[in-house]
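Asker: Attaching a single structure in structure tokens format; questions to follow.
There are 2 protein chains.
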Amino acid sequence: MSVTPSLNPHVSTDCVIFGFSQETLRLLLIRRNIPNRLTELNDILYALPGDLVKDDENLDKSANRVLAELTGLKGIYLTQFQTFGDPLRIAKTKDRAWLESVRQNPDARVITVAYMALIDSQKVNLQPGSFSEEAVWVPIHEVPELAFDHNEIYEQALAALKERVQMQPIGFELLPEKFTMGELQSLYETILERDLDKRNFRRKMINSGVISPLTEKQIGVSNKPARYYVYNREFAQSNPSSIFNLRMDGSFTLFN
Amino acid sequence: MSVTPSLNPHVSTDCVIFGFSQETLRLLLIRRNIPNRLTELNDILYALPGDLVKDDENLDKSANRVLAELTGLKGIYLTQFQTFGDPLRIAKTKDRAWLESVRQNPDARVITVAYMALIDSQKVNLQPGSFSEEAVWVPIHEVPELAFDHNEIYEQALAALKERVQMQPIGFELLPEKFTMGELQSLYETILERDLDKRNFRRKMINSGVISPLTEKQIGVSNKPARYYVYNREFAQSNPSSIFNLRMDGSFTLFN
DNA sequence: TTATTAAGTGTGTATTTGACACTTATTGTT
DNA sequence: AACAATAAGTGTCAAATACACACTTAATAA
Numbered sequence: 000m001s002v003t004p005s006l007n008p009h010v011s012t013d014c015v016i017f018g019f020s021q022e023t024l025r026l027l028l029i030r031r032n033i034p035n036r037l038t039e040l041n042d043i044l045y046a047l048p049g050d051l052v053k054d055d056e057n058l059d060k061s062a063n064r065v066l067a068e069l070t071g072l073k074g075i076y077l078t079q080f081q082t083f084g085d086p087l088r089i090a091k092t093k094d095r096a097w098l099e100s101v102r103q104n105p106d107a108r109v110i111t112v113a114y115m116a117l118i119d120s121q122k123v124n125l126q127p128g129s130f131s132e133e134a135v136w137v138p139i140h141e142v143p144e145l146a147f148d149h150n151e152i153y154e155q156a157l158a159a160l161k162e163r164v165q166m167q168p169i170g171f172e173l174l175p176e177k178f179t180m181g182e183l184q185s186l187y188e189t190i191l192e193r194d195l196d197k198r199n200f201r202r203k204m205i206n207s208g209v210i211s212p213l214t215e216k217q218i219g220v221s222n223k224p225a226r227y228y229v230y231n232r233e234f235a236q237s238n239p240s241s242i243f244n245l246r247m248d249g250s251f252t253l254f255n
Numbered sequence: 000m001s002v003t004p005s006l007n008p009h010v011s012t013d014c015v016i017f018g019f020s021q022e023t024l025r026l027l028l029i030r031r032n033i034p035n036r037l038t039e040l041n042d043i044l045y046a047l048p049g050d051l052v053k054d055d056e057n058l059d060k061s062a063n064r065v066l067a068e069l070t071g072l073k074g075i076y077l078t079q080f081q082t083f084g085d086p087l088r089i090a091k092t093k094d095r096a097w098l099e100s101v102r103q104n105p106d107a108r109v110i111t112v113a114y115m116a117l118i119d120s121q122k123v124n125l126q127p128g129s130f131s132e133e134a135v136w137v138p139i140h141e142v143p144e145l146a147f148d149h150n151e152i153y154e155q156a157l158a159a160l161k162e163r164v165q166m167q168p169i170g171f172e173l174l175p176e177k178f179t180m181g182e183l184q185s186l187y188e189t190i191l192e193r194d195l196d197k198r199n200f201r202r203k204m205i206n207s208g209v210i211s212p213l214t215e216k217q218i219g220v221s222n223k224p225a226r227y228y229v230y231n232r233e234f235a236q237s238n239p240s241s242i243f244n245l246r247m248d249g250s251f252t253l254f255n
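Taken in order, these protein sequences are the chains called A and B.
Here the first sequence is numbered in numbering that gives the first Met the number 0, starting from 0 and rising by one per residue.
Here the second sequence is numbered in numbering that gives the first Met the number 0, starting from 0 and rising by one per residue.
Now the structure itself:
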């Protein structure tokens, strides 16, 4: 009778990195070429970027490192949203080849702390990929089958994004410094998967105080040029309650 | 030059268990007597209930086990809210004695997945404590210094509770099957740390549809007896959006 | 009988929401 | 130079919701 020795699990962080471009919400994925001994072709496998947590790292730092190694960016909106630790989450046979290539002990359980990152995809300079590995932006409605339980993680992240964007002014993290009201509305419509009324949207956003108009306008567009706005990060962070169910006094609506 | 060998971290689940009795929100803590070799007295140390995750357990199951071992209860509202993994989170010298008594390797890093439980404290039959260990209810404003980073975990849990109670009908999990409107309001006032208007509160709760009146009323109280209500768990779960920023059609208020 | 306690009840005003359509400023096309 | 095409920008009204507010009722205790 053999008893499996109790081996502590590995702990990793995985990042669900959202970007927004061309009216589409996108996910930053790792594409790996996995040599297949039988076919002599490469299998292509997609996964969320992630890595084992290092001995001297806390979890946030680990996730930030993963993000920075991939995008070169620091100080990005990055928030932990859920931890996944099913004993069988890495047990799919499809994932064996990958694990064998990156782990000393590919059988060990891996518990992963999942983070959600929101980045202005214009800022990203994807770090040059290696022979076997490369980062790619994938529209969220074209997310392929991912390694391990990463499809589930991504779906939870998207759900969390949808929820949080209604409560907190985080959508701005996906836009460039200067953005138009149209871009902002388009972003919200994309995340929430519904149309919003232009005039009501403007009114709420402006009344909320979290954005400020610039005098600068678009140039070179073949229609009336839109005014640019900026996000008041400091203001928004000192008014943490919902910006959207806003009362005149800036308070959150609940009871009373 | 010695290199610390990279030892995988331990992974545990810790439960922040809330109860509500005598108009007070309470926390279920473990009190341990730690023999102190110098003084020959016991040091008393408080901590959140928790345990290492077992090899064949997923995280939810582990947290449920911790909860069941302590309270004898199953099917309790229990939700993961954050994972804590600072490398130094168990490094306080005060915590050494405890760790040495429960871990084969007290130096190993421990990453903990924190859960929040809401229970009807009337249902709980605290499991008999051992010589060295016992569970106690502590009012949240009298929470003592806790082991490790458990004070921080508790504070995050309380903040999460405050947030979620505004978004989802979870407060009911802290009350008995049958409760009066006064008890419900008192619960909300306690969690939110503010007074609520009696008439507006009643109206919102009743209009939300998540509770139903019984014909039964209090007996033996020296004032007008209050009607009992029950929570419609099924209804609430099939109407997951905020019950509190409720529009006429039952929808959540956002844009439009 | 009276005092005490908490339950229970309705209305008016202020604010917010949500629906709705035309004008404006720019570039591209003819 | 006129016109087409495009997206920006703008105001009002009715309906729903929020919020403030005080007295009556039903029970027990004294």
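Note that the Cβ used here is the ideal one computed from N, Cα and C, for glycine as well.
Where does K18(A) sit, in a helix, a strand or coil, going by DSSP?
Answerer: Residue identity check: residue 18(A) is Gly in the sequence provided, not Lys. G18(A) falls in the strand class under three-state DSSP.
Asker: Quick one: give me the first and last residue of the beta strand (DSSP E) that T23(B) is part of.
Answerer: Taken as a continuous stretch (DSSP letters only), the beta strand (DSSP E) holding T23(B) covers 23-34.
Asker: My guess is that E68(A) and Q126(A) are in contact by the Cβ rule of under 8 Å, so how many angstroms apart are they, rounded?
Answerer: Confirmed, Cβ separation roughly 7 Å.
Asker: Excluding the five sequence neighbours on either side, which residues of its own chain have a C-beta within less than 7 Å of the C-beta of Q81(A), listed in chain order?
Answerer: So the qualifying residues of the chain are A113, Q155.
Asker: Output, in chain order, the set of chain B residues within a Cβ distance shorter than 7 Å of L58(A).
Answerer: Near L58(A) (Cβ distances below 7 Å), the residues of chain B are T82, G84.
Asker: What's the gap between the Cα of E233(B) and the Cα of E39(B)?
Answerer: C-alpha separation (whole angstroms): 55 Å.
Asker: Going by beta-carbon coordinates alone, are L186(A) and G208(A) separated by less than 8 Å?
Answerer: No.
Asker: Which residue or residues does DSSP assign as beta-bridge partners of E133(A)?
Answerer: For E133(A), which the question treats as bridged, DSSP gives the partners R30(A).
Asker: For T179(B) versus T23(B), is the C-beta distance shorter than 8 Å?
Answerer: Not a contact, by the Cβ cut-off of 8 Å.
Asker: Can you confirm whether the segment 133-150 of chain B touches the segment 84-92 of chain B when touching is taken to mean that 3 or more C-beta pairs between the two stretches lie within less than 8 Å?
Answerer: In short, these stretches touch, since the Cβ pair count reaches three.
Asker: Can you tell me the Cα-Cα spacing of G249(A) and R198(A), whole angstroms?
Answerer: With a pLDDT of 38 at G249(A), under the threshold of 50, the predicted position of this residue should be treated as unreliable, though the coordinate-derived value follows. Approximately 20 Å, taken between the alpha carbons.
Asker: Could you check whether L174(A) and F17(A) sit closer than 8 Å to each other, using their CB atoms as the reference points?
Answerer: Result no, Cβ atoms of F17(A) and L174(A) do not sit closer than 8 Å.
Asker: Taking 8 Å as the CB-CB limit, is V65(B) close to chain A?
Answerer: No - not a single Cβ of chain A is within 8 Å of the one on V65(B).
Asker: Express the C-alpha separation of S11(B) and V52(B) in angstroms, rounding to a whole number.
Answerer: Between V52(B) and S11(B), the C-alpha separation is close to 5 Å.
Asker: Locate the alpha helix (DSSP H) running through A158(A), then write down its first and last residues.
Answerer: First-last of the alpha helix (DSSP H) with A158(A): 149-166.
Asker: Can you look up S211(B) in the DSSP assignment and give me helix, strand or coil?
Answerer: Of the three classes helix, strand and coil, the one that applies to S211(B) here is strand, per DSSP.
Asker: Go ahead and pull the three-state DSSP assignment for V120(A).
Answerer: Looking at the sequence provided, one finds Ser at residue 120(A) rather than Val. Note: S120(A) maps to coil in three-state DSSP.
Asker: Excluding five sequence neighbours on each side, which residues of the same chain lie with their C-beta closer than 7 Å to the C-beta of A62(B)?
Answerer: T12, C14, L77, Y114.
Asker: Any beta-carbon of chain B closer than 8 Å to the one on M247(A)?
Answerer: Low confidence applies to M247(A): its pLDDT is 36, below 50, so where it sits in the model is not reliable enough to give any reading.
Asker: Can you tell me whether N255(B) is buried or exposed, with buried defined as 16 or more other CB within 10 angstroms of its CB?
Answerer: Interpretation of N255(B) is limited by its pLDDT of 34, a score under 50 that renders its predicted location unreliable; the figure taken from the coordinates is listed afterwards. Looking at its Cβ environment, which holds fewer than 16 other Cβ atoms inside 10 Å, N255(B) is exposed.
Asker: What residues from the segment 8-40 of chain A come within 8 Å of chain B, judged by C-beta to C-beta, listed N to C?
Answerer: So the list reads P8, H9, V10, given in the order they occur along the chain.
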